[in-house]
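Novice: In case it helps, the numbering used here puts the sequence shown at residues 41 to 187.
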Amino acid sequence: MKKQSGFTLIELVVVMVILGILAAVALPKFVDMTSQARDAKLRGAYGAVRSGMSLTHAASLAAGNAANPTSTLVAEGKTINMVYGYPAIGSIADAAGLSSSDYTIGSASPVLIDVPGATTAAQCRITYTPASSASIPADATMAVGGC
Numbered sequence: 041m042k043k044q045s046g047f048t049l050i051e052l053v054v055v056m057v058i059l060g061i062l063a064a065v066a067l068p069k070f071v072d073m074t075s076q077a078r079d080a081k082l083r084g085a086y087g088a089v090r091s092g093m094s095l096t097h098a099a100s101l102a103a104g105n106a107a108n109p110t111s112t113l114v115a116e117g118k119t120i121n122m123v124y125g126y127p128a129i130g131s132i133a134d135a136a137g138l139s140s141s142d143y144t145i146g147s148a149s150p151v152l153i154d155v156p157g158a159t160t161a162a163q164c165r166i167t168y169t170p171a172s173s174a175s176i177p178a179d180a181t182m183a184v185g186g187c
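(1) So is Gly185 buried or exposed if we call it buried at 16+ other beta carbons inside 10 Å?
(2) How many Å lie between Lys81 and Thr160 at the Cα?
(3) Return the first residue and the last residue of the alpha helix (DSSP H) that Lys69 is part of.
(4) Going straight from the alpha carbon of Ala85 to that of Ala63, what length do you get?
(5) Within 10 angstroms of its Cβ, does Leu49 collect 16 or more other Cβ (buried), or is it exposed?
(6) Can you tell me whether Asp142 is buried or exposed? The criterion is at least 16 other CB atoms within 10 Å of its CB, across all chains shown.
(7) Residues bridged to Tyr126 by DSSP?
(8) Going along the chain, which residues of its own chain have a beta-carbon closer than 6 Å to the beta-carbon of Ser111, five neighbours each way excluded?
(9) Thinking Ile129 and Leu138 are a contact (beta carbons under 8 Å), I'd like their distance in whole angstroms, please.
(10) Would you list the residues sitting across from Ala180 in a DSSP beta bridge?
(11) Can you say whether Gly46 is buried or exposed, counting buried as having 16 or more other CB atoms within 10 angstroms of its CB?
(12) Count the other C-beta atoms from every protein chain shown that fall within 10 angstroms of the C-beta of Thr74, then say buried if there are 16 or more, exposed otherwise.
(13) Determine the direct distance from the alpha carbon of Ala136 to that of Gly92, and round the result to whole angstroms.
(14) Taking the alpha carbon of Gly87 as the reference point, which residue from Ala158, Ser172, Ala133 has its own alpha carbon closest?
Set out below in C-alpha cells:
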C-alpha cells in the first residue's frame, strides 16, 4: 500500500479557524490606523502653528514691530499680516505652512483648524487665538479626543 501524504480536512479546518481568530484580533488595529493618522496629522499641524507663531514673533521683535497693533512681515515670499507681533487671523495658515487642501481653516476669531474626516470635529482641532494687545500674546490649543 502506498502511504498518503498531505493535510486532512480536519487539519485544514483547524488552520482556517486559527487564521480567522488572528484576523479578527488584528483587524481592529488596522482599522484604527485612520484615526491615528488623523491624530498624527493634527499634532504635526499644531507643531507647525506653534513654530509659525514663534518664528514670526521673533522676526517682529527683531524688526521692532511687536508692539504695533498691525504690521506685515514677508516670510518665504508670503506677506503675513501681524497683530501685536503675532500672525493675524487670516495669516496663521501661511505662517505655519498649512494648506486649505489638507485642513479646514476657519476665518473668524478664534481660528479653528480641523482635520477632515474626524469622528468629532470639535475634539480634533487646533484653536488659534490671535494677540489682543501687546501684553496678551497669541495662543494655540489642541483637542485630540475625537480624531
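Yeah, the Cβ is synthetic: ideal placement off N, Cα and C, and Gly gets one too.
Specialist: Short version:
(1) Counting the other Cβ atoms within 10 Å of the Cβ of Gly185 gives fewer than 16, which makes it exposed.
(2) About 15 Å.
(3) 49-71 is the extent of the alpha helix (DSSP H) around Lys69.
(4) So the alpha carbons of these two residues sit roughly 34 Å apart.
(5) The residue is exposed, with fewer than 16 neighbouring Cβ atoms inside 10 Å.
(6) In the assembly as shown, Asp142 is an exposed residue. Its beta-carbon has fewer than 16 other beta-carbons within 10 Å.
(7) Looking at the DSSP assignment, Tyr126 forms a beta bridge with Val123.
(8) Around Ser111: Asn105, Met122.
(9) No, Ile129 and Leu138 are not in contact; Cβ-Cβ is about 14 Å, not under 8 Å.
(10) According to DSSP, residue pairing for Ala180 in a beta bridge involves Tyr168.
(11) Result: exposed.
(12) Exposed, because fewer than 16 other Cβ atoms sit within 10 Å of the Cβ of Thr74.
(13) A straight-line Cα-Cα distance of about 5 Å links Gly92 and Ala136.
(14) Per the C-alpha coordinates, the member of Ala158, Ser172, Ala133 positioned closest to Gly87 is Ala133.
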